[in-house]
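Numbering (the UniProt record's numbering), first residue to last: 1 to 276.
Below, the structure written as structure tokens:
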């Protein structure tokens, strides 16, 4: 396994500070958030991209994922409004260009809430159509589309491993992969093993945190309902070897370095005991 964290947790700080902390605390990579002030696609001039790439070298880091700011936007890939959906696809395509320039092999795609009172099958088809366009666009750029299931509180479209399996069948594109954020299965009372068993090597990224068992809260590792050391044992037993990225947006946005230090202390102890 390799370890990273999402720079969304550093959203009140310059992006280089997140890179500094990633290097200082021994991370393998850093998952770059595509919102302002970090890496909003429309702000990514050649000079800015070169600057970010220079930090990769300076702090000895990979960028395993580019994560556009995709939730609660006015550009939804699930929208039944064709104009909005077209704008959403174009927005993610710009993100794909950023991922390519940063040599990030993945871009995160989320099925944002489509709104209420709609035919769920029409919404599903709209999201599938969006994914096909994005996967085709990304294929020649060395970037994989990585779909993240969400909690029902965030969006009802893709919330379980079975939804991911259905997407695989309906989209039929080898450039669409999946990730597991540990919160949706915790909320759905779904074993992590379902993701590993059903998706196999089509799931190659994990977001970790702890959770209260009731909401979409992304809490620090040593507080919550999930037994974190046992969770890592499950990852190991399923021979998972790809990136694990900490996402703790419910925690200390005003002091993310301290939260990162807390995360590293816990993970390092677990790695030593579990043998990761």
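We put the CB at the ideal spot given by N, CA and C, even for glycine. Owing to the predicted nature of the structure, the values given are computational and were not obtained by experimental measurement.
Annotation: the continuous alpha helix (DSSP H) that includes residue 256 extends over 256–274.
Ranked by Cα distance from residue 60, the options 224, 141, 100, 29 are led by 29.
With three or more CB-CB distances shorter than 8 Å, the stretch 98–118 counts as touching the stretch 149–158. Counting along the chain, residue 120 sits inside no beta strand (DSSP E); it lies in the alpha helix (DSSP H) bounded by residues 120–139. Per DSSP, residue 240 lies in no alpha helix (DSSP H) and is assigned neither H nor E. In the displayed model, residue 66 falls within a strand according to three-state DSSP. Between the alpha carbons of residue 247 and residue 84 lies a distance of about 28 Å.
In the DSSP assignment, residue 201 forms no beta bridge with any residue.
Secondary structure of residue 110 (DSSP, three-state): coil. Separation of the CB atoms of residue 240 and residue 65 is rounded to 16 Å, and the pair is thereby denied contact status at 8 Å. The beta carbons of residue 78 and residue 132 sit no closer together than 8 Å. Residue 30 carries a coil assignment under DSSP once its states are collapsed to helix, strand and coil. Comparing alpha-carbon positions, the option among 136, 235, 120, 34 lying closest to residue 11 turns out to be 34. Counting C-beta atoms within 10 angstroms of its own C-beta, residue 181 has 16 or more neighbours from the protein chains shown and is therefore classed as buried.
If you look at residue 24, you'll find it in the alpha helix (DSSP H) that goes 15–24.
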